[in-house]
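A.B. asks: To start, I am sharing the structure in question, which I have written as structure tokens.
Protein chains: 2
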Amino acid sequence: MAKPVDPLKFWTEGTPMVPAAPIVNCPIATSLGVLGKKWTLLIIRDISMRKIERFSDLLKSVNGITPRVLSTRLKALESDGYIHRAEVQKTPKVVRWALTEKGWDALPILMSYVAFGSKWHADIVFADGQRRDITDVYPQSNLRNLEVSLDKKAW
Amino acid sequence: MAKPVDPLKFWTEGTPMVPAAPIVNCPIATSLGVLGKKWTLLIIRDISMRKIERFSDLLKSVNGITPRVLSTRLKALESDGYIHRAEVQKTPKVVRWALTEKGWDALPILMSYVAFGSKWHADIVFADGQRRDITDVYPQSNLRNLEVSLDKKAW
DNA sequence: CCGCATCCGGTAAGATACTG
DNA sequence: CAGTATCTTACCGGATGCGG
Numbered sequence: 000m001a002k003p004v005d006p007l008k009f010w011t012e013g014t015p016m017v018p019a020a021p022i023v024n025c026p027i028a029t030s031l032g033v034l035g036k037k038w039t040l041l042i043i044r045d046i047s048m049r050k051i052e053r054f055s056d057l058l059k060s061v062n063g064i065t066p067r068v069l070s071t072r073l074k075a076l077e078s079d080g081y082i083h084r085a086e087v088q089k090t091p092k093v094v095r096w097a098l099t100e101k102g103w104d105a106l107p108i109l110m111s112y113v114a115f116g117s118k119w120h121a122d123i124v125f126a127d128g129q130r131r132d133i134t135d136v137y138p139q140s141n142l143r144n145l146e147v148s149l150d151k152k153a154w
Numbered sequence: 000m001a002k003p004v005d006p007l008k009f010w011t012e013g014t015p016m017v018p019a020a021p022i023v024n025c026p027i028a029t030s031l032g033v034l035g036k037k038w039t040l041l042i043i044r045d046i047s048m049r050k051i052e053r054f055s056d057l058l059k060s061v062n063g064i065t066p067r068v069l070s071t072r073l074k075a076l077e078s079d080g081y082i083h084r085a086e087v088q089k090t091p092k093v094v095r096w097a098l099t100e101k102g103w104d105a106l107p108i109l110m111s112y113v114a115f116g117s118k119w120h121a122d123i124v125f126a127d128g129q130r131r132d133i134t135d136v137y138p139q140s141n142l143r144n145l146e147v148s149l150d151k152k153a154w
């Protein structure tokens, strides 16, 4: 039943760009475990970008999430190595959820959504409703090529 | 009930990187409509990277999806402007699903997952099980900085 | 209080069959 | 070929409870 995975190529105007590495399983499908579930990226967003690290604070910052789902996601994220749990204090119990190196490496994924939203949902995202390139949202960083070049002249 | 959206910052070792643009709604949460649902990214992957554009072919290529869900996703993707439907021929009916410009702009999101999977799921993704940087998977493209620089020296 | 666990009803997803 | 129709199952949202 093991279906051979055909290489993932970019296609632009009939021109394929074949991967240079021998891919035997789709890296996208493989990455879409916990990361692909509802709420997960927003939890990582708040831990990484907003420094919100406690259960009750995440409950407030991730708008709409319920304690049940938050608890479930935190456990899954922990067992998959994205975050780790630190009991900072007991009575009253204080738990801190922090990103691991793997968790931090999910930030480019978040940023690709930021870039997409800044272009295609500018009316909702920005006060002035103007489209922005990611480099105009975070100019200090070096996010130059987050926009994958689909210009066929590039290859 | 409208909660004010605090700016999305990068945090590295206590150093925040504040966005230069006035964000009033989270671009990540806003982008996670159809895109955030199960199967959606894999459908876009196959249309964009594998040139699989027909219903029955997608049914085979997106491993595990059912016709009901595929139909639902294609409709949602269409109404949200990511793809469009073209009836190429009737009797026998042939339908082609193609990406719009908006749909093509989702490719950086896919690539960020490719990059993540190439690093953190290399044992599953690659035949030799070796970690790879995205620039080694697609050297011909200019994906240099898909790995968001989290080096604090960068700002 | 904080950090969850439990229970319950609704909705989305899986399995399979079927139609124009 | 390109989807529907139908049924079952898994997951999610909402309220509540409970130990430390």
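Chains as they are written, first to last, in numbering that gives the first Met the number 0: chain A, 0 to 154; chain B, 0 to 154. Ideal placement from N, C-alpha and C gives every residue a C-beta, glycine not left out. These numbers come from a predicted model, not from an experiment.
Which residue or residues does DSSP assign as beta-bridge partners of residue 15 (chain A)?
C.D. replies: Looking at the DSSP assignment, residue 15 (chain A) forms a beta bridge with A:10.
A.B. asks: Identify which residue in B:39, B:105, B:112 and B:103 has its Cα closest to the Cα of residue 107 (chain A).
C.D. replies: When each option's Cα is compared against that of residue 107 (chain A), the closest is B:112.
A.B. asks: Going by C-alpha to C-alpha distance, which of B:117, B:127 and B:122 sits closest to residue 134 (chain B)?
C.D. replies: Of the candidates B:117, B:127 and B:122, the one whose C-alpha sits nearest the C-alpha of residue 134 (chain B) is B:117.
A.B. asks: Output yes if chain A places a C-beta closer than 8 Å to the C-beta of residue 97 (chain B); else output no.
C.D. replies: Judged by the 8 Å Cβ criterion, residue 97 (chain B) is not in contact with chain A.
A.B. asks: Pair every Cβ in the segment 35-50 of chain B with every Cβ in the segment 23-37 of chain A, then say whether three or more of these pairs are closer than 8 Å.
C.D. replies: Enough Cβ pairs lie closer than 8 Å, so yes.
A.B. asks: Since residue 89 (chain A) meets chain B, which of its residues come closer than 9 Å, beta carbon to beta carbon?
C.D. replies: Per Cβ cutoff of 9 Å: no residues; residue 89 (chain A) is ~26 Å from chain B at best.
A.B. asks: Strictly below 7 Å CB to CB, what residues from chain B border residue 29 (chain A)?
C.D. replies: Residues of chain B passing the Cβ test: 116, 120, 123 and 124.
A.B. asks: Can you tell me whether DSSP reads residue 49 (chain A) as helix, strand or coil?
C.D. replies: In the structure shown, residue 49 (chain A) sits in coil (DSSP, three-state: anything other than H, G, I, E or B).
A.B. asks: Which whole-angstrom value is the C-beta distance of residue 161 (chain A) and residue 61 (chain A), which I expect to be below 8 Å?
C.D. replies: No answer is possible for residue 161 (chain A): the residues shown for chain A start at 0 and end at 154.
A.B. asks: Give me the subset of the segment 30-45 of chain A whose CB atoms are less than 7 Å from a CB atom of chain B, sorted by chain position.
C.D. replies: Listed by position, the residues of the segment 30-45 of chain A near chain B (Cβ gap below 7 Å) are 30, 31, 35, 37, 40, 41 and 44.
A.B. asks: Mind checking which residues open and close the alpha helix (DSSP H) that includes residue 67 (chain A)?
C.D. replies: From DSSP, the alpha helix (DSSP H) with residue 67 (chain A) extends over 66-78.
A.B. asks: If you measure from the beta carbon of residue 130 (chain B) to each beta carbon in chain A, is any gap under 8 Å?
C.D. replies: No, residue 130 (chain B) does not count as interfacial toward chain A.
A.B. asks: Among B:91, B:52 and B:131, which has the Cα closest to the Cα of residue 83 (chain B)?
C.D. replies: For the residues B:91, B:52 and B:131, the minimum Cα distance to residue 83 (chain B) belongs to B:52.
A.B. asks: Please tell me whether residue 57 (chain A) has its Cβ less than 8 Å away from any Cβ of chain B.
C.D. replies: Not one chain B Cβ lies under 8 Å of residue 57 (chain A).
A.B. asks: Given residue 157 (chain B), which residues of its chain have a CB within under 8 Å of its CB, disregarding the five upstream and five downstream residues?
C.D. replies: Only positions 0 to 154 of chain B appear in the structure, and residue 157 (chain B) is not among them; the question remains open.
A.B. asks: For residue 97 (chain A), report the span of its beta strand (DSSP E) as first-last.
C.D. replies: Taken as a continuous stretch (DSSP letters only), the beta strand (DSSP E) holding residue 97 (chain A) covers 93-98.
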